[in-house]
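Heads up: the sequence shown at position 445 corresponds to 1027 in the numbering used here, and the numbers run straight through without jumps.
Heads up, the beta-carbon is just placed ideally off N, CA and C, and yes, glycines get one too.
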Amino acid sequence: MSSSASLPRSHLPESWTALQRHADETIRRLHLSQLLQDAERCAAFRVQYRDLLLDYSRQRATPETLTLLLQLAEEMRLEQKVHAMFRGERINVTEDRSVMHVALRAPRDANDHLPPTAHIPVEALQEVHRVLDAIHHFSEQVRGGRDWLGATGQPLTDVVSIGIGGSYLGPEFVYEALRNDAQAAQAARGRRLRFLANVDPVDVTRALDGLRPETTLVVVVSKTFTTAETMLNARTLKQWIVGALGERAVAQHMVAVSTNTEAVAAFGIDPQRGMFGFWDWVGGRYSVCSAVGLVPLSLHYGFAVMQQFLAGAHAMDVHFVGERDGRRNLPVLYGLWGVWNATFLGYPTRALLPYSQALLKLAPHIQQVDMESNGKRVRLDGRDLWTADATGVVNFGEPGTNGQHSFYQLMHQGRVVPADFIGFRRSQTPRTVPGYPVSNHDELMSNFFAQPDALAVGKSAEQLRAEGVPESLIPHKVFAGNRPSSSLLCTVLDAFTLGGLLALFEHRTCVEGFIWGLNSFDQWGVELGKVLAKRVRQELQQRRDKSGDAVSAAFNASTRALLQSYLEKDV
Ligand SMILES: O=P(O)(O)OC[C@H]1O[C@](O)(CO)[C@@H](O)[C@@H]1O
583 MSSSASLPRS
593 HLPESWTALQ
603 RHADETIRRL
613 HLSQLLQDAE
623 RCAAFRVQYR
633 DLLLDYSRQR
643 ATPETLTLLL
653 QLAEEMRLEQ
663 KVHAMFRGER
673 INVTEDRSVM
683 HVALRAPRDA
693 NDHLPPTAHI
703 PVEALQEVHR
713 VLDAIHHFSE
723 QVRGGRDWLG
733 ATGQPLTDVV
743 SIGIGGSYLG
753 PEFVYEALRN
763 DAQAAQAARG
773 RRLRFLANVD
783 PVDVTRALDG
793 LRPETTLVVV
803 VSKTFTTAET
813 MLNARTLKQW
823 IVGALGERAV
833 AQHMVAVSTN
843 TEAVAAFGID
853 PQRGMFGFWD
863 WVGGRYSVCS
873 AVGLVPLSLH
883 YGFAVMQQFL
893 AGAHAMDVHF
903 VGERDGRRNL
913 PVLYGLWGVW
923 NATFLGYPTR
933 ALLPYSQALL
943 KLAPHIQQVD
953 MESNGKRVRL
963 DGRDLWTADA
973 TGVVNFGEPG
983 TNGQHSFYQL
993 MHQGRVVPAD
1003 FIGFRRSQTP
1013 RTVPGYPVSN
1023 HDELMSNFFA
1033 QPDALAVGKS
1043 AEQLRAEGVP
1053 ESLIPHKVFA
1063 GNRPSSSLLC
1073 TVLDAFTLGG
1083 LLALFEHRTC
1093 VEGFIWGLNS
1103 FDQWGVELGK
1113 VLAKRVRQEL
1123 QQRRDKSGDA
1133 VSAAFNASTR
1143 ALLQSYLEKD
1153 V
């Protein structure tokens, strides 16, 4: 099958082989319980950026590991690749596109504080701010309830944002994260924001539950404006609006976010008045900071809150591109440990474990950012990956403490799953219960501090014996430990911090992709299923029109039988 299999693998970087040797000869013989005894190492494996404290002392690594990883980064020309991304070089080679999501959150004068080799193209900055100004104006008109009203003259208090994948996951992640931030919650008073992503009609029913067309604004978010799910959902909601308010209501009740002006116009939305654009240099999964996120979220939380979010993301961008010491650069460190765990220690998964209910959509969003970006089988030049492990990992996660009562069992005693713990010094909504020894947030955070040690240090048979555990139970109660994690401690989850977290995770994915030498910015792997679904759709249409006919022989025997059963009337 593999067309590239015949191509020889390009030469492994020297530090790559050194890291493989180092993993086998040194690291596999060490246990984290020993490594954590070394106070000097612990201090060296801790770094502060603004109020974010990253502790990576629970990585299965010595200072030499980090030195070798930094050498690998240098050999792979990480810094040059990052700067080329900022400069707008066409690093997405298979689509011949620039990758400039960093421009989306850059202030007009961003280049004044970026290294000269990482200056963002001025035209991109101008375009970005032209659209941001339009979003600012529009969101205030709608929120003000006077200048942009519904067809019956009522203010539009509710928004349904239709979109899928990158046109949905990021905005929903931000929406959820800020729901209980005091400033954002105050700004959202009296307003509702819903997301409609799945083409399942049940999702439509849920999204519209309790909404009225008279007071609802629909935002259709699609970079291509051709995505099947989004377009059917958009037509469904258009019918909902038109059915209640007439065809002319579309102009007041539907707007679009897209790069495809013609398709927006063909759908019936006036691009001059109701379209917010972005550009082919924004990948869907990196588009939260474009109109994709900014339109629905500014309508809900107000533009001022979203400006803080952009500022937080930009601050992380500046740190990423400007901090040349890899030992102090958070996204670089995150990426290096990602590469180390996936490729050199061979762990194919990682868990995202925010101790924050507000970050409940972090894992779904980062799943797309990371797995659609780095889930690749070849390198940039089309040759096979250097090793089967030199590619993206399976990301999953759940807020703590919920995850503890779900999949942590496997993490403690089953497979090794490197974990990213994220915690906050303060809650968005502090609570205390009189008579309880700690606040509710301290209770939550007790787990944030305990779990990484349980994973790293474990519990031995000797300890269990000393506690008097019966011999028959000892094998079941032993925790082998030596399970890596990193811990990120932030102050409070506000819009600025959230922007920084988003950028941190986006950049981790880029760092990993740059080091593996693959293209993190295309997604050809999603195409085949779409093409096949189109064929099935045609088949379903034909069979529904001419019931009784057998399913086309073009499908294999298995699919034919399933389709036949699906179409059966009497089942
Ligand atoms: O914004 P669009 O064009 O509707 O695409 C939605 C999503 O579909 C994908 O192409 C994957 O199918 C994503 O990359 C993208 O974010």
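Candidates the options, of which the one nearest residue i by Cα
i	options	result
Glu1057	Ser1042, Ser1129 and Leu696	Reading off the sequence shown, one finds Pro at residue 1057, where the question assumed Glu. Looking at the Cα atoms, Ser1042 is the closest of the given residues.
Val921	Asp952, Leu1080 and Trp730	Asp952
Arg895	Ala1036, Tyr937 and Ala1085	Position check: residue 895 holds Ala in this sequence, whereas Arg was assumed. Measuring from the Cα of Ala895, the nearest candidate turns out to be Ala1085.
Leu793	Arg776, Val1093, Ser804 and Gln1010	Arg776
Phe1030	Gln1045, Glu1044, Glu1049 and Gln986	Gln986
Ser1069	Lys943, Ser1009, Trp919 and Glu1049	Trp919
Arg1007	Lys1059, Ala1036, Glu1049 and Val1074	Val1074
Ala810	Ala779, Val914 and Glu1053	Ala779
Ser1028	Gly1017, Val1051, Pro1016 and Thr983	Thr983
Glu758	Leu618, Ala816 and Leu941	Leu941
Leu1037	Gly1050, Tyr929, Ala1062 and His593	Ala1062
Leu618	Asp637, Ala789, Ala605 and Arg728	Asp637
Ser1102	Met993, Ala972, Ser1009 and Ala1001	Ala972
Thr787	Leu819, Gln768 and Ala769	Leu819
Arg909	Leu612, Leu650 and Arg610	Leu650
Ile717	Arg610, Asn923 and Phe858	Phe858
Gln939	His604, His711, Ser1147 and Val756	Val756
Glu1150	His604, Asp1131, Cys1092 and Leu915	Asp1131
Leu1145	Glu1121, Pro1019, Gln854 and Pro878	Glu1121
Met888	Ser1009, Asp763 and Ala1001	Asp763
Lys1059	Leu1046, Gly1050 and Leu1071	Leu1046
Asp1035	Asn1064, His1023 and Asn842	Asn1064
Supposed contact pair residue j and residue i - C-beta distance, whole angstroms, cut 8 angstroms
i	j	result
Tyr870	Arg932	The sequence as given places Val at residue 870; Tyr does not occur at that position. Not a contact, Cβ separation roughly 21 angstroms.
Pro645	Ala626	6 angstroms
Leu967	Val960	7 angstroms
Val724	Leu799	6 angstroms
Val839	Ala816	That belief does not hold up - the Cβ atoms of Val839 and Ala816 are roughly 12 angstroms apart, past 8 angstroms.
Ser597	Gln653	4 angstroms
Arg1119	Val1133	About 13 angstroms; that fails the 8 angstroms criterion.
Gln949	Gly747	11 angstroms between Cβ atoms; not a contact.
Glu709	Tyr868	Wrong, their Cβ atoms sit about 16 angstroms apart, outside the cutoff.
Ala893	Phe1137	No, Ala893 and Phe1137 are not in contact; Cβ-Cβ is about 53 angstroms, not under 8 angstroms.
Leu962	Val675	6 angstroms
Phe1096	Leu660	5 angstroms
Ala1032	Glu980	About 17 angstroms; that fails the 8 angstroms criterion.
Val801	Ile744	7 angstroms
Arg687	Asp899	7 angstroms
Ser804	Ser721	Ser804 to Ser721, Cβ: 20 angstroms. No contact.
Opening and closing residue of the beta strand (DSSP E) in which residue i lies
i	result
Gly865	Note, Gly865: premise wrong, no beta strand (DSSP E); not H, not E.
Ala1001	Ala1001 to Phe1006
Ser840	Met836 to Ser840
Val741	Asp740 to Ile744
Phe777	Arg774 to Leu778
Start and end residues, alpha helix (DSSP H) containing residue i
i	result
Met953	Careful: Met953 lies outside any alpha helix (DSSP H) and carries neither H nor E.
Thr798	Where Thr798 is concerned, there is no enclosing alpha helix (DSSP H), although the beta strand (DSSP E) it sits in stretches over Thr798 to Val803.
Ala810	Ala810 to Leu827
Met857	That residue, Met857, is in no alpha helix (DSSP H); its beta strand (DSSP E) goes Met857 to Gly859.
Arg1047	Ala1043 to Ala1048
Leu892	Phe885 to Gly904
His665	Leu660 to Arg669
Ser1140	Ala1139 to Leu1149
Phe755	Leu751 to Leu760
Thr787	Pro783 to Leu790
Ala764	Ala764 to Ala769
is_contact[residue i, chain D] using C-beta, thresh 8 angstroms
i	result
Gly732	As a matter of chain content, chain D is missing from the structure shown, which is built from one protein chain.
For this session: Examine the Cβ distances between the segment 673 to 685 and the segment 849 to 868 and report whether three or more of them are shorter than 8 angstroms.
Result: yes
For this session: Report yes or no: do three or more beta-carbon pairs, one from the segment 696 to 704 and one from the segment 876 to 888, lie closer than 8 angstroms?
Result: no
Problem set entry | Entirely enclosed alpha helix (DSSP H) segments - the segment 708 to 735, minimum 4 residues | Fully enclosed alpha helix (DSSP H) runs of 4 or longer: not present.
For this session: List in chain order: all unbroken beta strand (DSSP E) runs of 3+ residues lying wholly within the segment 601 to 648.
Result: 628 to 631 and 634 to 637
Exercise. Do the segment 637 to 651 and the segment 816 to 829 make contact, defined as three or more Cβ pairs closer than 8 angstroms?
Worked result: When Cβ pairs closer than 8 angstroms are counted between the two stretches, the segment 637 to 651 is seen not to touch the segment 816 to 829, the count staying below three.
Exercise. Considering only residues of the segment 918 to 977, which uninterrupted beta strand (DSSP E) runs meet the minimum length of 3 residues and lie entirely inside it, listed in chain order?
Worked result: 931 to 936
For this session: Note down, one range per segment and in chain order, each beta strand (DSSP E) of at least 3 residues found wholly within the segment 1053 to 1114.
Result: Listed in chain order, the complete beta strand (DSSP E) runs (minimum 3 residues) inside the segment 1053 to 1114 are 1067 to 1072.
Problem set entry | Stretch pair the segment 729 to 740 + the segment 825 to 837: three plus CB contacts closer than 8 angstroms | yes
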